[in-house]
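Mapped onto our numbering, the consecutive letters of the sequence shown carry residue numbers 1017 to 1613.
All C-beta atoms in this analysis are idealised placements derived from N, C-alpha and C, irrespective of residue type, glycine included.
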Amino acid sequence: MASVPSLASSVSQRVADALASALPDAGAIDAMLRRSDRADFQANGILALAKKAKANPRELATTVVEGLDHGDLIKEIEVSGPGFLNITLTDRAIIETLAARAADDRLGVPLAAKPGTTVIDYAQPNVAKEMHVGHLRSAVIGAAMVEILEFTGEKVVRRHHIGDWGTQFGMLIQYLLEHPHELDHKAEGGAGSPEVSGEEAMSNLNRLYKASRGLFDSDEEFKTRARARVVDLQAGEPETLALWQRFVDESKIYFYSVFDKLDMDIQDPDVVGESGYNDMLAETCKLLEDSGVAVRSNGALCVFFDDVKGPDGNPTPLIVQKSDGGFGYAATDLSAIRDRVGNLGATELIYVVDARQSLHFKMVFETARRAGWLGDGVKAVQLAFGTVLGKDGKPFKTREGETVRLVDLLDEAVDRATAVVREKADKVGLTEREIVENGRQVGIGAVKYADLSTSAARDYKFDLDQMVSLNGDTSVYLQYAYARIRSILRKAGEAGDRKPVAHPELELAPAERALGLHLDHFSDLLAEAAADYAPHKVAAYLYQLSSLFTTFYDQCPVIKPEPELVVGENRLFLCELTARTLAKGMSLLGIRTPEKL
């Protein structure tokens, strides 16, 4: 395993060295390198440095060019405009760098020099409640960030903060106590056996919830018993806790079946719900009150902020403990921070939660800092996401106005994708089993990519017709590009006389250069996506890579018409590296890459 410096970083370093020689007293130097339409790169840093040094920027640029070491890296440099440097690389440098990437299992992507421990809080469904389309974004975005951070060297701890505590459990537990067979399964083996389906688990929970809610609303005696059961639950009464655990276990059967459809691996030890912090709540409140961070207001324990006010202009506090002694969500979230920093050693906390909770987390983070639980060495961020909309631009609902069930949405995506795959099945020789499996991979990939290709903070429209299209910015387009390359490599292997080999001595066609430079950008892109919590940047990179490959394939014959041997080998090399880069990038987004499509 060997990291490979990107061409951009190598060029940037040479420009910075030349600038340092020209301006020894300039201090820290940023070449401000970016891709350019006029050359391979453009360096814009001279303008700021010239202004700081009170020098003529164009004259400084000329001095830098004269002192810059070209070596085998740089073919030519020209000064343009007020002092920009347009830099073109040698073909040899491009292919040699790509060959070094191809020789490494990690494609030359470096590991973080100083990795920390990041706790990511994502995929947080509620016990005894059905998962809907709103649960999709946290799960998909969070899983992608886990993969990106782990691949770039960070130690990642997953946390699924499920909603498994609250007064509603009094009603549910009391009803189950009086109707003990409501959660029984028809399948042999009982709850937790492989035969038990998530759908059956959710069906039981839905039926029990509706029945208990109806009784709670119509029967005052049952309502009284249910409220007493809440007290028993909070007191840890054994029978009540055992029944509560049944709801949690039953819900997990359902959760895990949905996450399995999403091709997500959720491990039970990573599921630490609200109840996991119950033993810390009283101490958290005491520490806040004793330190003066929180104060009593009308009997409630509150934290106030100068910049948080309600419509009436009065301060809006963070309520940690209610006036009746009950604990608010803030107490649980603050206790979780104490645990994650103090016990898990987190240097960074990422919460993948709805943008509508932004004010809550702003106040929670500020409270934790005041209390000393988030020190200077710990970063806490909310990776806030927008809303999933229907085609009409309104929140995604069924025709009846109900929230869309996530399972139904995923099943429909797979059905649509399977139909698309079946249309081309005969042409590529797919078996029925391959059609079904590819349909699943394409359908789930389409749902994930539609989410991940949009900046998390933005809302997006859920349009299955567009998602499974072979045209445009879709996962199907990327998967098709990958499958096409695999087909090319298989045909080349069958021909027997050609194999992927890098030839740095060759002159590259424009489409080869463009593809090669983009392939080299992968490692820099991943570092940027990790730093910015931006999986959509990976999606954008992969779409551009697929587009550049399409142009390359159209303009640069790989097999037919048969090019010169070394030219063909070099193009096969670019094909193979493109396939590997696509596969790695898509795997980081949780998307599969079928070999034939």
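So Leu-1468 and Pro-1411 are supposed to be a Cβ contact under 8 Å. How far apart are they, rounded? Going by Cβ atoms, the distance from Leu-1468 to Pro-1411 rounds to 20 Å, so no, they are not a contact pair.
Should Gln-1029 go down as buried or exposed, given a rule of 16 or more other Cβ atoms within 10 Å for buried? exposed
According to DSSP, is Tyr-1627 helix, strand or coil? The question about residue 1627 has no answer here: the residues shown for the chain are numbered 1017 through 1613.
Do Ile-1460 and Met-1161 have their C-beta atoms within less than 8 Å of each other? no
For Gln-1571 and Glu-1170, I'd like the C-alpha separation in whole angstroms. 40 Å
Proximity winner among Ile-1189, Leu-1375 and Met-1379, relative to Trp-1181 (alpha-carbon distances): Ile-1189
Kindly identify the DSSP beta-bridge partner or partners of Ile-1157. BP columns for Ile-1157 are empty, so no partner.
Three-state class that DSSP yields for Ser-1209 in the structure shown: Only weak support exists for where Ser-1209 lies, its pLDDT of 47 falling under 50; the value from the coordinates is given anyway. In the structure shown, Ser-1209 sits in coil (DSSP, three-state: anything other than H, G, I, E or B).
Rounded separation between Glu-1163 and Ala-1155 - CA only: 12 Å
If you draw a straight line from the C-alpha of Lys-1576 to the C-alpha of Leu-1613, how long is it? 21 Å
May I have a chain-ordered list of the alpha helix (DSSP H) segments no shorter than 4 residues that lie completely inside the stretch 1090-1175? 1107-1118 and 1152-1167
Can you tell me where the beta strand (DSSP E) with Phe-1057 in it begins and where it stops? 1057-1059
Could you tell me which residues DSSP pairs with Thr-1490 in its beta bridges? In DSSP, Thr-1490 forms no bridge with anything.
Starting from the Cα of Val-1574, find the closest Cα among Pro-1040, Ala-1387 and Arg-1587 and give me that residue. Arg-1587
Distance, Cα to Cα, Gly-1402 vs Glu-1578? 50 Å
Span of the beta strand (DSSP E), counted from its first residue to its last, around Ser-1313: 1311-1313
Rounded straight-line distance, which links the Cα of Ser-1291 to that of Thr-1363: 24 Å
Beta-carbon separation of Ala-1077 and Leu-1101 under 8 Å? yes
With which residues is Arg-1370 paired in a DSSP beta bridge? Note on identity: in this sequence residue 1370 is Asp, with Arg being the wrong assignment. The partner list for Asp-1370 (beta bridge, DSSP) reads Phe-1401.
Option in Ala-1530, Lys-1515, Leu-1561 and Thr-1566 with minimal Cα separation from Glu-1580: Lys-1515
Cβ atoms of Val-1274 and Met-1147: under 8 Å apart, would you say? yes
Could you tell me whether the Cβ atoms of Ala-1466 and Tyr-1476 are closer together than 8 Å? yes
Exposure label - Asp-1281; buried when at least 16 CB within 10 Å: exposed
Counting only the same chain and skipping the five closest in sequence on each side, list residues whose C-beta sits under 8 Å from that of Asp-1323. none
For the putative contact between Asp-1349 and Val-1397, defined by C-beta atoms under 8 Å, what is the C-beta separation to the nearest angstrom? In fact, because the Cβ distance is near 14 Å, the residues do not count as touching under 8 Å.
Measure the CB-CB distance between Leu-1426 and Leu-1278 and report whether it falls below 8 Å. yes
Quick check on the burial criterion: 16 or more other C-beta atoms within 10 angstroms. Buried or exposed for Ser-1491? buried
In whole angstroms, give me the CA-to-CA distance for Phe-1478 and Ser-1471. 14 Å
Taking Gln-1560 as part of the alpha helix (DSSP H), name the residues at either end of that continuous run. 1551-1571
Alpha-carbon to alpha-carbon, Ile-1157 and Ile-1090: 39 Å
Taking the Cβ atom as the reference point for each residue, do Arg-1175 and Val-1143 lie within a distance shorter than 8 Å? no
Residues near Ala-1066 by beta carbon distance below 7 Å, same chain, minus five either side: Asn-1072, Pro-1073, Leu-1076 and Gly-1099
Among Gly-1083, Gly-1532, Leu-1023 and Glu-1544, which residue has its Cα nearest to the Cα of Ser-1037? Gly-1083
Measure the alpha-carbon distance for Ala-1109 versus Pro-1520 and round it to whole angstroms. 7 Å
Rounded Cβ spacing between Asp-1536 and Leu-1114 (contact assumed at less than 8 Å): 6 Å
Based on the DSSP secondary-structure assignment, which residues constitute the bridge partners of Phe-1343? Gln-1337
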